[in-house]
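Heads up, the thing below is written out as structure tokens.
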Amino acid sequence: MTVRFPGLDPEASGLPPITDIARSLADDSPTVVLDATTGERWPHWAELDANAGDEDPILYLRPARNFPDGHRIVVGLRGLLDATGEPIAPTDAFRAYRDRLDTGNPDLEARRPAMEEVFADLDAAGIDRGDLQVAWDFTVASTQSLTGPMLALRDAAFAELGDAAPAFTITGVELLSGDQLIRRVTGTYTVPGFLTDDGGVGTHLRRDDAGEPERGIDLTARFVCGIPKTASGTVPEAPLLYGHGLLGEAEQATSSGPRAVAAEFGRVVCGTDLIGMAEEDTINAVAVIQDLSNFHTMADRLLQGHLNTLFLGRLMVHPDGLASDDAFRDADGPLLRTGEDHGLAYYGISQGGIMGGVSTAVSTDWDLAVLGVPAINYSTLLHRSIDFDPFFAGLKVSYPSTYDQGIFILLIQLLWDRSEGNGFANHLGDDPLPGANPKRVLLHLAVGDHQVANVATEVMARTVGAAVQWPAVAEGRHDDVDPYWGLERWTDDEHEGSALVVWDSGIPLPPTANLPPRDGDDPHDDPRTEPASVFQRGTFLDTGVVVRTCDGPCTAEQR
434 MTVRFPGLDP EASGLPPITD IARSLADDSP TVVLDATTGE RWPHWAELDA
484 NAGDEDPILY LRPARNFPDG HRIVVGLRGL LDATGEPIAP TDAFRAYRDR
534 LDTGNPDLEA RRPAMEEVFA DLDAAGIDRG DLQVAWDFTV ASTQSLTGPM
584 LALRDAAFAE LGDAAPAFTI TGVELLSGDQ LIRRVTGTYT VPGFLTDDGG
634 VGTHLRRDDA GEPERGIDLT ARFVCGIPKT ASGTVPEAPL LYGHGLLGEA
684 EQATSSGPRA VAAEFGRVVC GTDLIGMAEE DTINAVAVIQ DLSNFHTMAD
734 RLLQGHLNTL FLGRLMVHPD GLASDDAFRD ADGPLLRTGE DHGLAYYGIS
784 QGGIMGGVST AVSTDWDLAV LGVPAINYST LLHRSIDFDP FFAGLKVSYP
834 STYDQGIFIL LIQLLWDRSE GNGFANHLGD DPLPGANPKR VLLHLAVGDH
884 QVANVATEVM ARTVGAAVQW PAVAEGRHDD VDPYWGLERW TDDEHEGSAL
934 VVWDSGIPLP PTANLPPRDG DDPHDDPRTE PASVFQRGTF LDTGVVVRTC
984 DGPCTAEQR
């Protein structure tokens, strides 16, 4: 939610800051966000764009928990002051609506009944229309709008697959001599395609005359798997799907984080390229920031990337899949557990944690996911991440106005919502999507993360209904008045349900403004190989139970 008031002073106006979200629910809060469908006040924080420079900054109102799909939301602002303490004047159009003045303008008058409904909703919440300086309403995208395209791809592709395993080819087997993995296996597999042309970088969804996704040519996806030393034909190991990091690749499935879990907990780990935001898509990402009208190519191709992930999961659990090939067998039988008790789970880090929310929400083959240093909503993340420094440098060339940049980031989020975790987070709990089971997720947060904003991880935790392990951080290691506000706190040795666990490497806390952290070493990677973190992740993937592995707040060694 955005608005712009030249000269607005946030402190004089008493806007609810990121450090005191509960302030937004106070009776006298100058910003009011109301779920008109239920009458509930919605928690949020208000912040001026710290990137505005000499321009009048955008005022962002950011929900602290995602809105329910399809609900109508009403926003009202009052008591806004400039630096001299003078009230901010409303626009002439809004004053006419508020004060019931006839404008004589047919277009403005056509909006009056809708505005009267806004005023009525705010009045019912105790907000006097005479105090308002601006107000509006909007409807949140429906579940069908947000998840329908991805579900359409899933349902069509798996209906076509039926009871069979996806076709696959082994392209390489490397015998390893380390103490964690015994083999690295590479290969390709076939996935029904829904992209234009050859489905390569820069393509987008094929759509029929009704705008629905349409079948294209078959596509070939890559996989890389690591088989742990514990695997044997007499005791086959459970499969683990891995989601790679920002613009990464399938090879990251055998990197340190997943390798540690695979070795300690006996998991055969496999990953694929999440096309749309894989290494090969970097060139398209660079092109997109020069012309954001092409952003749909990134968002659309991500949908195919998620389908590829789902098909790799099926390939891992089907008896006629990977386990049928000698690369995944020894003299006693398959090294990979298949069938009804396959135990498939998902583990993703960074981008894999963000995007894993989509694949997990729509999956019919797994219900547990560990999402390492994750978040939702790139429109909140981008300004707060060092990863996007080079992209902003390019964006500023094509769109030099910081106002334009801020608005365009919000606009492309409308497309991203269909292919990143933000549009699916409401269904990562006990309200599953059609065809899927209820889900449980374990979220790991690195305090002061330079790449994935802590605040966006906290929004994700509230949205999925995660409880935070308590105590989360040492006294004084959080800027908030009430740290991890809005999250249930669990203090027992175990927790059954989704959870947020905070890992602290002692790095300086992030800025409270929408700027990336730059002080100290980046802790982004610190939790992934921390022994207590590995044990907690592996136990959750095996049992769905989060165990306490720290005496007091969890800490991680700087790496």
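In this note's numbering, the protein residues as written are 434 to 992.
Quick reminder that beta carbons are idealized off the backbone N, C-alpha and C, glycines included.
Reference residue i; option with closest CA among the options
i: PRO960; options: TRP936, VAL979, THR945, ARG951; result: TRP936
i: LEU861; options: ALA760, HIS504, TRP799; result: TRP799
i: GLY690; options: PRO867, VAL791, ILE782; result: ILE782
i: GLY375; options: ALA547, THR797, LEU514, ALA459; result: This structure does not reach residue 375, given that the chain is present from 434 up to 992, and the question cannot be answered.
i: GLY704; options: GLY644, ARG640, GLY659, ASP561; result: GLY659
i: ASN810; options: ASP837, ASP984, VAL885; result: VAL885
i: PRO520; options: PRO546, GLY447, GLU480; result: GLY447
i: THR619; options: ALA989, GLY472, THR604, ALA764; result: THR604
i: ALA592; options: PHE744, MET434, GLU891, SER610; result: PHE744
i: GLY602; options: ALA764, GLY985, PHE656, ALA899; result: It should be pointed out that residue 602 corresponds to Thr in this sequence rather than to Gly. Nearest of ALA764, GLY985, PHE656, ALA899 to THR602, Cα basis: PHE656.
i: GLY563; options: THR576, ALA585, SER578, TYR530; result: TYR530
i: LEU494; options: GLU488, THR435, LEU769; result: THR435
i: PRO599; options: ASP453, ARG587, ASP753; result: ASP753
i: VAL967; options: GLY486, ALA693, TYR836; result: ALA693
i: ALA894; options: THR742, GLY971, HIS477, LEU920; result: LEU920
i: ASP487; options: GLY827, PRO833, GLY676; result: PRO833
i: GLN566; options: ILE708, LEU514, ASP863, SER578; result: LEU514
i: ASP822; options: VAL719, PRO646, GLN969, ALA497; result: VAL719
i: ASP532; options: CYS983, ALA907, PRO523; result: PRO523
i: THR742; options: ASP837, TYR780, ASP758; result: TYR780
i: GLU929; options: ALA590, ALA899, ALA696, ASN855; result: ALA899
i: ALA585; options: ALA858, GLU645, VAL934, ALA732; result: GLU645
i: ARG910; options: GLY537, CYS987, CYS983; result: CYS987
Close Cβ partners of residue i (< 7 Å) along its chain, the five nearest in sequence each way excluded
i: THR729; result: In the sequence as presented, Thr is not what sits at residue 729; that position holds His. Result list for HIS729: HIS637, LEU848, in chain order.
i: THR516; result: In the sequence as presented, Thr is not what sits at residue 516; that position holds Ala. GLY440, ASP442, ALA445.
i: SER462; result: PRO449, ARG456
i: VAL634; result: GLU713, ASP714, ILE716, ASN717
i: TYR917; result: GLU891, VAL901, ALA905
i: ASP975; result: PHE698
Buried versus exposed, by CB contacts within 10 Å (16 or more), residue i
i: SER518; result: Rather than Ser, the amino acid found at residue 518 in this sequence is Gly. Exposed, because fewer than 16 other Cβ atoms sit within 10 Å of the Cβ of GLY518.
i: ILE842; result: buried
i: LEU608; result: exposed
i: THR580; result: buried
i: GLU792; result: Residue identity differs from the one stated: residue 792 is Ser in this sequence, not Glu. With 16 or more Cβ atoms within 10 Å of its Cβ, SER792 is classed as buried.
i: ASN947; result: buried
i: ALA760; result: buried
i: ARG817; result: buried
i: LEU815; result: buried
i: PRO871; result: exposed
i: GLN846; result: buried
i: SER931; result: buried
i: THR471; result: exposed
i: LEU721; result: Leu is not the amino acid found at residue 721; the sequence shown has Val there. By the neighbour-count rule (16 or more Cβ atoms within 10 Å), VAL721 is buried.
i: LEU534; result: exposed
i: GLY985; result: exposed
i: THR924; result: exposed
i: SER938; result: buried
Chain-order list of residues whose beta-carbon lies under 6 Å from that of residue i (same chain, five-residue window excluded)
i: GLY977; result: LEU801, ARG873
i: GLY839; result: ASP482, ILE491
i: ASP525; result: none
i: ASP926; result: ARG981
Pair within 8 Å by beta-carbon distance, residue i and residue j
i: MET583; j: ARG851; result: yes
i: GLY681; j: GLN784; result: yes
i: VAL795; j: LEU866; result: yes
i: LEU674; j: LEU777; result: yes
i: LEU875; j: VAL979; result: yes
i: THR464; j: ASP913; result: no
i: GLY666; j: GLY766; result: yes
i: LEU769; j: GLU670; result: yes
i: ARG639; j: THR629; result: yes
i: VAL806; j: HIS957; result: yes
i: ASP954; j: GLN991; result: yes
i: ALA808; j: ALA686; result: no
Residue i at chain C interface by Cβ criterion, 8 Å
i: VAL750; result: Of the chains in the structure shown, none is chain C; there is only one protein chain.
Neighbourhood of residue i by C-beta distance below 8 Å, restricted to the same chain and skipping five residues each side
i: LEU467; result: GLU473, ARG474, TRP475, ILE506, VAL507, VAL508, GLY509, ASP554, LEU555, ALA558
i: THR621; result: PHE601, THR602, THR604, THR653, ALA654, ARG655, PHE656
i: VAL551; result: VAL507, GLY509, ALA568, TRP569, ASP570
i: ALA588; result: The sequence as given places Asp at residue 588; Ala does not occur at that position. These residues qualify, in order along the chain: GLY868.
Does the segment 939-957 come into contact with the segment 875-887, if we say contact requires no fewer than three beta-carbon pairs (one atom in each stretch) closer than 8 Å?
The answer is yes - the segment 875-887 touches the segment 939-957, with three or more Cβ pairs under 8 Å.
On the three-pair Cβ rule with 8 Å, is the segment 600-618 touching the segment 721-728?
In short, these stretches do not touch, since the Cβ pair count stays below three.
Is there contact between the segment 657-671 and the segment 693-712, where contact requires at least three CB pairs shorter than 8 Å?
yes
Specify whether the segment 703-720 and the segment 731-744 touch according to this definition: at least 3 beta carbon pairs, one from each stretch, less than 8 Å apart.
yes
I'd like to know if the segment 535-546 and the segment 494-513 are in contact, where contact means that at least 3 CB-CB pairs between them fall below 8 Å.
no
Report yes or no: do three or more beta-carbon pairs, one from the segment 566-580 and one from the segment 506-516, lie closer than 8 Å?
yes
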